[in-house]
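S.K.:
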Amino acid sequence: MCLKVVFIVHFLALVSALLPRTSNIPTNLTYPAVFNFGDSNSDTGGIQAGVGFPIKRFCNGYLIIDYFVTAMNLSYLNPYLDSVGAPSFQTGCNFATGGATILPAKASSTNPFSFGIQVAQFSRFRARVHELLAKRDKKLQPVLPNEDYFKQGLYTFDVGQNDFDGAFYSKSEDQVVASIPAVLTEMETGFEKLYNQGARNFWIHNTGPLGCLPRIIATFGKDPSNLNQVGCVASHNRAATAFNEQLHDLCLKFKESFPEANVTYVDIFKIKLDLITNFAQYGFKQGIAACCGYGGPPINFDNRIACGQTKNLNGTEVTATPCSNPAEYVNWDGNHYTEAANQYVSSQILTGNYTYYLNSSIECKLSDGNPNLA
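Our numbering puts the first residue of the sequence shown at 11, with every later residue one more than the last.
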């Protein structure tokens, strides 16, 4: 039976002033550091540093991971790939990069930093930190995590969306779903490698409603019969749901195999789909349409021109410009969520109502308490 252990964590005063939607959030997260793995949904500058991508965050502001660490009174995570200028890694490190997949990247992939590579980067990071701390360099100690943080820290994961996004361009829905076990085998391997290096606290996000992204709708939703009642591409959402069900099973299996692991499964899909479906209820004016795009309603997205670009389309020079008030939109650029949406999703995660602590024979919402986190 889960023990109810709920307490209040306040956002930093400055962030609260800048981000007024979020106030006091009940949670029971107290960790000295966060080590994050993922794709553009949690990339805080990795792909920019790694391949010279022009933007640092795939958003008009903060991401879920930013709100997450702020709620824990930790500093924003610096990306592993951005070591220029000696950034601080004292309270964690971000290995996420935009476009990352769980399956190993191919030679044609635009992003070589797949999940396995991120895990390898963590291994190098941990080993290097150990070497530097052993030298007792007083200049480096303030910017490096304590050795104990690698076991005490929280390991967060938000990756998988790109595996299925790319697969649908060459595979049927059945083939995409059939590929899920291979994807999760790769993820399981990464979990085990991290566990063997001391990781004990695993915080795993499932994947969101891929079929509700304007880019996916523009590509696969031209035939109205492919859309569900909300206006999302049904096949993509079904594949995401299948992945999430099997990911949940993997989390249970991992916990059974490694009893010392604390495994939390977060239902991002449910939060985001509810937000998109009932956007007006939560203060938004657009649930699916992109804020920064071109083409107007209903999705304001054209695959030929990305947010911020100016191109000649059909003899006319046009620009994909941002909307006047991004806070009214759930979607930012056709692919990613706005800061306002990320803030809302974060607030829902931290209520504990969508976060499930897994323990071989027990599953409970974190709002009802996690005995291993008290």
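Beta carbons are placed, not taken as given, at the ideal position from N, Cα and C, and that holds for glycine.
Keep in mind it's a predicted model, so treat the numbers as computed, not measured.
#1: Determine contact between the segment 220-230 and the segment 326-333, defined as no fewer than three beta-carbon pairs at a distance below 8 Å.
#2: For Leu39, does the count of other Cβ atoms within 10 angstroms reach 16, so buried, or fall short, so exposed?
#3: Can you look up Ala100 in the DSSP assignment and give me helix, strand or coil?
#4: Can you grab the Cα-Cα spacing for the pair Ser98 / Asp76, in whole Å?
#5: Take the Cβ of Val153 as the centre, count every other Cβ of all protein chains shown within 10 Å, and call the residue buried at 16 or more, exposed below.
#6: For the segment 263-274 against the segment 244-252, do three or more pairs of beta-carbon atoms, one drawn from each stretch, fall closer than 8 Å, so that the two count as touching?
#7: Report the residue from Val193, Ser119, Pro42, Met197 whose alpha carbon sits nearest the alpha carbon of Asn156.
#8: Going by other Cβ atoms of all chains shown within 10 Å of its Cβ, with 16 needed for buried, is Tyr275 buried or exposed?
#9: By a C-beta neighbour count over all protein chains shown, 10 Å radius and 16 as the cutoff for buried, is Pro234 buried or exposed?
#10: Helix, strand or coil for Ala250 per DSSP?
#11: Just the C-alpha distance for Phe178 and Leu87, rounded to the nearest angstrom, thanks.
#12: What span of residues does the beta strand (DSSP E) with Lys321 cover, start to end?
#13: Report the option in His258, Ser50, Asp92 whose CA atom is closest to the CA atom of Phe125.
#14: Which same chain residues end up closer than 7 Å to Tyr292 when comparing Cβ atoms and leaving out the 5 residues on each side of it in sequence?
#15: Going by DSSP in three states, Val169 sits in which element: helix, strand or coil?
#16: So what does DSSP say about Asn156, is it helix, strand or coil?
#17: According to DSSP, simplified to helix, strand and coil, what is Ile315?
#18: If you reduce the DSSP assignment to three classes, tell me which class Ala209 lands in.
#19: With a Cβ-Cβ cutoff of 8 Å, do Glu389 and Leu262 count as a contact?
#20: Identify whether Val258 lies in helix, strand or coil by the three-state DSSP scheme.
#21: When the Cα of Asp175 is compared with those of Gly208, Ile298, Lys149, Thr217, which residue comes out closest?
#22: Quick check on Gln353: does DSSP put it in helix, strand or coil?
#23: Looking only at its own chain, which residues have a Cβ that is under 7 Å from the Cβ of Ala351, when we skip the five neighbours before and after it?
#24: List the endpoints of the continuous beta strand (DSSP E) containing Gly109.
#25: On the three-pair Cβ rule with 8 Å, is the segment 67-81 touching the segment 130-141?
#26: So is Leu260 buried or exposed if we call it buried at 16+ other beta carbons inside 10 Å?
#27: Going along the chain, which residues of its own chain have a beta-carbon closer than 6 Å to the beta-carbon of Glu141, five neighbours each way excluded?
#28: List the endpoints of the continuous beta strand (DSSP E) containing Leu368.
#29: Ends of the alpha helix (DSSP H) at Ala126?
#30: Quick check: what's the CA-CA separation for Gly163 versus Lys321?
#31: Check this for me: beta carbons of Ala244 and Ile309, under 8 Å apart or not?
#32: Look at Cys301 and Thr348 and say whether their C-beta atoms are less than 8 Å apart.
#33: Helix, strand or coil for Leu164? Go by DSSP, reduced to three states.
#34: Please specify which runs of the alpha helix (DSSP H), each continuous and at least 4 residues long, are wholly inside the segment 215-302, giving them in chain order.
#35: Considering only their Cβ atoms, is the gap separating Ile214 from Phe167 smaller than 8 Å?
M.R.: Checking against the coordinates, here is how it stands:
#1: no
#2: buried
#3: It is Gln, not Ala, that sits at residue 100 in the sequence shown. If DSSP states are grouped into helix, strand and coil, Gln100 belongs with coil.
#4: 15 Å
#5: exposed
#6: no
#7: Pro42
#8: buried
#9: exposed
#10: helix
#11: 32 Å
#12: 320-323
#13: Ser50
#14: Leu285, Tyr354
#15: coil
#16: coil
#17: strand
#18: coil
#19: Residue 389 falls outside the range modelled here, since the chain spans only 11 to 384, and no answer is possible.
#20: Note that residue 258 is His in the sequence shown, not Val. His258 falls in the helix class under three-state DSSP.
#21: Thr217
#22: helix
#23: Leu285, Val340
#24: Unbroken run through Gly109: none, as it is neither H nor E.
#25: no
#26: buried
#27: none
#28: 365-369
#29: At residue 126 the sequence reads Gly, which differs from the Ala that was named. First-last of the alpha helix (DSSP H) with Gly126: 125-144.
#30: 46 Å
#31: no
#32: yes
#33: strand
#34: 224-230, 244-267, 278-287
#35: yes
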